[in-house]
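Enquirer: Below is one structure. I have some questions about it.
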Amino acid sequence: MDEPGLGEWNVLELVAHTNRAHTLVESYLVHPQPAAGPEYFAESAIAQRARDAVDALGDDPVATVRRDAERALAVIAASPADAVIGSPMGSMALSAYLPSRSAELVIHGLDLARALTLPVAPPADAIIAALEWVGAVASRRKVAVDLLLAATGRAALPLASASIDPAAAARARPRTIRTAWPSPTLGTRSSQEATWDFPSGSWACPTWASRRSSTL
62 MDEPGLGEWN VLELVAHTNR AHTLVESYLV HPQPAAGPEY FAESAIAQRA
112 RDAVDALGDD PVATVRRDAE RALAVIAASP ADAVIGSPMG SMALSAYLPS
162 RSAELVIHGL DLARALTLPV APPADAIIAA LEWVGAVASR RKVAVDLLLA
212 ATGRAALPLA SASIDPAAAA RARPRTIRTA WPSPTLGTRS SQEATWDFPS
262 GSWACPTWAS RRSSTL
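Anchor point for the sequence shown: position 190 equals 251 in the working numbering, and the numbering is continuous, going up by one each time.
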């Protein structure tokens, strides 16, 4: 998994970063953290946390990601509707935190597919959920009009508005877009899974706790 993944990350580091969207759900519920300072959100700090997370994948990243995805779903299903997490972005309702995690999984799942040249199409409900979250972030960043015009073919996306990265967007405390998300996104209280078939090997990809096959 030494292939280029995203930016300075290789594929394994990108998997490790993406899998944190699974593991941090339980971590922030069970071991709440205080709000962090701006240094936590620096690009170099985000990149280093991904590299540090590689060790947690162990000798079998496929099995680890599958286990962590299933555990995240179980934790969400067992949590009360008013559960609160303590994260570096501050304390917030679990339901307000999950949309950003679902979007992280969708977007970085696509990053992995592109890095590995896998012809994938995420489930429509997962894409819709991610787009709603991206739209909410774009609105807070005052670039929603640019994004809407570009998405409908009316204008090119200005360079300054061209990137809404989940990790960078997490610097702003997420708002609740919906408290009930359609499965199979992490925000749903459901164990439903989506099945995708890729060339070889089965794994629970770091997106929607889906069981897939891939070349990883």
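Yeah, the Cβ is synthetic: ideal placement off N, Cα and C, and Gly gets one too.
Source: prediction; values computed, not measured.
Once DSSP output is grouped into helix, strand and coil, what is the label at Ala-281?
Expert: With the chain represented from 62 up to 277, any question about residue 281 goes unanswered, as that position is not in the structure.
Enquirer: Considering only the beta carbon of each residue, do Pro-93 and Gly-170 sit closer than 7 Å?
Expert: Residue 93 sits at position 32 when you count from the first residue of the sequence shown. Residue 170 sits at position 109 when you count from the first residue of the sequence shown. Taking 7 Å as the Cβ cut-off, Pro-93 and Gly-170 do not qualify as a contacting pair.
Enquirer: What is the rounded straight-line gap between the Cα of Gly-66 and the Cα of Glu-193?
Expert: Position 5 of the sequence shown holds residue 66. Position 132 of the sequence shown holds residue 193. Rounded to the nearest angstrom, the two C-alpha atoms are 25 Å apart.
Enquirer: Counting pairs of Cβ atoms below 8 Å between the region 106 to 121 and the region 162 to 176, do you hit three or more?
Expert: Touching, no, given that fewer than three Cβ pairs across the two stretches are closer than 8 Å.
Enquirer: Roughly how far, in whole angstroms, is the beta-carbon of Leu-177 from the beta-carbon of Val-72, given that I think they are within contact range, below 8 Å?
Expert: On the sequence shown, residue 177 is found 116 positions in, with the first residue counted as 1. On the sequence shown, residue 72 is found 11 positions in, with the first residue counted as 1. Going by Cβ atoms, the distance from Leu-177 to Val-72 rounds to 7 Å, so yes, they are a contact pair.
Enquirer: When you compare the CB positions of Ala-190 and Ser-163, do they come within less than 7 Å of one another, or not?
Expert: Taking the first residue of the sequence shown as 1, we reach residue 190 at position 129. Taking the first residue of the sequence shown as 1, we reach residue 163 at position 102. Result yes, Cβ atoms of Ala-190 and Ser-163 sit closer than 7 Å.
Enquirer: Residues in its own chain within less than 6 Å of Met-62 by CB, not counting five upstream and five downstream?
Expert: Taking the first residue of the sequence shown as position 1, residue 62 is located at position 1. So the qualifying residues of the chain are Val-72 and Leu-73.
Enquirer: Span of the alpha helix (DSSP H) holding Leu-278?
Expert: What is shown of the chain runs 62 to 277, which leaves residue 278 out entirely.
Enquirer: Exposed or buried, what is Val-91 when buried is set at 16 or more other beta-carbons lying within 10 Å of its beta-carbon?
Expert: By 1-based counting over the sequence shown, the position of residue 91 is 30. Val-91 is exposed by the Cβ-count criterion.
Enquirer: Provide the residue span of the beta strand (DSSP E) that contains Ser-148, from first to last.
Expert: Within the sequence shown, residue 148 is the residue found at index 87, counting from 1. Element bounds for Ser-148: 145 to 148.
Enquirer: Using CA coordinates, which residue listed in Gly-196, Ala-187 and Arg-132 is at the minimum distance from Ser-88?
Expert: Here residue 88 corresponds to residue number 27 of the sequence shown, with the count starting at 1. For the residues Gly-196, Ala-187 and Arg-132, the minimum Cα distance to Ser-88 belongs to Arg-132.
Enquirer: Using CA coordinates, which residue listed in Val-136, Asp-121, Glu-69 and Ala-138 is at the minimum distance from Ile-107?
Expert: If you number the sequence shown from 1, residue 107 lands on position 46. Of the listed residues, the one whose Cα sits closest to Ile-107 is Glu-69.
Enquirer: Less than 7 Å between the C-beta atoms of His-78 and Ala-130, yes or no?
Expert: Taking the first residue of the sequence shown as position 1, residue 78 is located at position 17. Taking the first residue of the sequence shown as position 1, residue 130 is located at position 69. For His-78 and Ala-130, no; Cβs fall outside 7 Å.
Enquirer: Which residues mark the beginning and the end of the alpha helix (DSSP H) in which Pro-99 is found?
Expert: Locating residue 99 in the sequence shown gives position 38, where the first residue counts as 1. No alpha helix (DSSP H) holds Pro-99; DSSP gives it neither H nor E.
Enquirer: In terms of alpha-carbon separation, which member of Asp-186, Gly-196, Val-76 and Val-195 lies closest to Thr-125?
Expert: The sequence position of residue 125 within the sequence shown is 64, counting from 1. Nearest option by C-alpha distance: Val-76.
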